[in-house]
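Those protein sequences? They're chains A and B, same order as listed. So for the first sequence, the working numbering puts the first residue at 220; every next one is plus one. So for the second sequence, the working numbering puts the first residue at 7; every next one is plus one. The next block holds one structure in the form of structure tokens; read it before the comments.
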Amino acid sequence: DVKVTQSSRYLVKRTGEKVFLECVQDMDHENMFWYRQDPGLGLRLIYFSYDVKMKEKGDIPEGYSVSREKKERFSLILESASTNQTSMYLCASSPHGGEQFFGPGTRLTVL
Amino acid sequence: RKEVEQDPGPFNVPEGATVAFNCTYSNSASQSFFWYRQDCRKEPKLLMSVYSSGNEDGRFTAQLNRASQYISLLIRDSKLSDSATYLCVVRSGGYQKVTFGTGTKLQVIP
């Protein structure tokens, strides 16, 4: 059974803190993605990676960075969290040209 | 114009009804199309891919109209368990990047 896991379901951080969101997939997929989902705005792509150590900016990369040192792991980093980064963060993976499989999401609140 | 547009709904339909959603896309070079389903407080999951010739999976039928740049999802004999948000997804260009619509909420009423 395919599986994408995220390090936390719920996270509360303070403004200015550095935040790490981890995502691991066990399907040997080449591609991995980070999205945020907000009411009325849908899923918006932050960053994606199509190979180890490769990354591409999505639609809203400002305030975020990513790291992919191993094929199965894709990390999202908020260098200095702000209140407007309060959101649901969803990680996904896919083979090239294939279906995206999502993790359960991390609901991040920045106070 | 948004890359992918959907009517947010909600569509409130009685059990057993047939309901259809459309989704328009702006990039005529778009290559792949999908419908995902997202239950409340859950992650999106693939419902079905959309093929050029149209495709059916049980009570669900998906169609693509390239000339008018829209895809559709038809649900026949609606069940209570069909209540969810349906996301239209479009892949364009040579990248693996896809664009999600904001979703159409369906509520099937007893």
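No residue lacks a Cβ here, since even glycine has one placed at the ideal position from N, Cα and C.
Buried/exposed call for residue i, threshold 16 Cβ in 10 Å
{"i": "GLU49(B)", "result": "buried"}
{"i": "ILE273(A)", "result": "Inspection of the sequence shows that residue 273(A) is occupied by Met rather than by Ile. Burial call: exposed."}
{"i": "TYR266(A)", "result": "buried"}
{"i": "TYR254(A)", "result": "buried"}
{"i": "THR108(B)", "result": "buried"}
{"i": "TYR57(B)", "result": "exposed"}
{"i": "SER301(A)", "result": "exposed"}
{"i": "GLY277(A)", "result": "buried"}
{"i": "ALA68(B)", "result": "buried"}
{"i": "GLY261(A)", "result": "buried"}
CB of residue i within 7 Å of CB of residue j, strictly
{"i": "THR328(A)", "j": "VAL231(A)", "result": "yes"}
{"i": "VAL114(B)", "j": "PHE106(B)", "result": "no"}
{"i": "GLU249(A)", "j": "TYR229(A)", "result": "no"}
{"i": "GLN304(A)", "j": "ALA311(A)", "result": "no"}
{"i": "LEU223(A)", "j": "GLY322(A)", "result": "A quick correction: the sequence has Val, not Leu, at residue 223(A). Result yes, Cβ atoms of VAL223(A) and GLY322(A) sit closer than 7 Å."}
{"i": "THR110(B)", "j": "GLN75(B)", "result": "no"}
{"i": "SER299(A)", "j": "GLY235(A)", "result": "yes"}
{"i": "PHE39(B)", "j": "LEU86(B)", "result": "no"}
{"i": "ARG233(A)", "j": "LEU330(A)", "result": "yes"}
Beta-carbon proximity list for residue i, same chain, < 8 Å, skipping 5 on both sides
{"i": "ASP257(A)", "result": "ARG263, SER306 and MET307"}
{"i": "VAL19(B)", "result": "VAL25, SER84, LEU112, GLN113, VAL114 and ILE115"}
{"i": "PRO14(B)", "result": "THR108, GLY109, THR110 and LYS111"}
Cutoff 7 Å; reference residue i; Cβ partners in own chain excluding five residues on either side
{"i": "SER227(A)", "result": "THR325"}
Beta-carbon contacts of residue i that lie in its chain and below 6 Å, excluding the five residues immediately before and after
{"i": "THR32(B)", "result": "Here residue 32(B) is Ser; the residue named in the question, Thr, does not match the sequence. Same-chain partners within the cutoff: ARG7 and GLU9."}
{"i": "ASP63(B)", "result": "MET54"}
{"i": "ARG72(B)", "result": "none"}
{"i": "VAL104(B)", "result": "VAL95 and ARG97"}
{"i": "PHE252(A)", "result": "PHE267 and ALA311"}
Subject >> Residues of the segment 84–112 of chain B whose Cβ lies closer than 9 Å to any Cβ of chain A, in chain order >> reply: Listed by position, the residues of the segment 84–112 of chain B near chain A (Cβ gap below 9 Å) are LEU93, VAL95, ARG97, TYR101, GLN102, LYS103, VAL104, THR105, PHE106, GLY107, THR108 and GLY109.
Subject >> Near-chain A residues of the segment 50–72 of chain B (beta-carbon distance less than 8 Å), N- to C-terminal order >> reply: Taken in chain order, the members of the segment 50–72 of chain B whose beta-carbon sits within less than 8 Å of a beta-carbon on chain A are PRO50, LYS51, LEU52 and SER55.
**OP:** Mind the definition here: the segment 293–309 of chain A touches the segment 235–251 of chain A only if three or more C-beta pairs lie below 8 Å; say whether that holds.
**Re:** Verdict: yes, contact present.
Subject >> Residues of the segment 272–284 of chain A with Cβ closer than 9 Å to any Cβ of chain B, in chain order >> reply: The residues in question are GLU275, GLY277 and ASP278.
Original post:
Touch check for the segment 88–95 of chain B and the segment 32–52 of chain B: three-plus C-beta pairs under 8 Å?
Top reply: Contact between the segment 88–95 of chain B and the segment 32–52 of chain B is present, because at least three Cβ pairs lie under 8 Å.
**OP:** Could you list the residues in the segment 290–308 of chain A with a C-beta less than 7 Å from some C-beta on chain B, going in chain order?
**Re:** Close to chain B, meaning a Cβ-Cβ distance shorter than 7 Å, is no residue of the segment 290–308 of chain A at all.
Original post:
Taking contact to mean at least 3 C-beta pairs separated by less than 8 Å, is the segment 15–24 of chain B in contact with the segment 76–83 of chain B?
Top reply: Taking 8 Å as the limit for Cβ pairs, the verdict is that the segment 76–83 of chain B does touch the segment 15–24 of chain B.
Subject >> chain B contacts from the segment 231–253 of chain A (Cβ-Cβ distance under 9 Å) >> reply: When CB distances to chain B are screened at a threshold of 9 Å, the residues of the segment 231–253 of chain A falling below it are GLU249, ASN250 and PHE252, in chain order.
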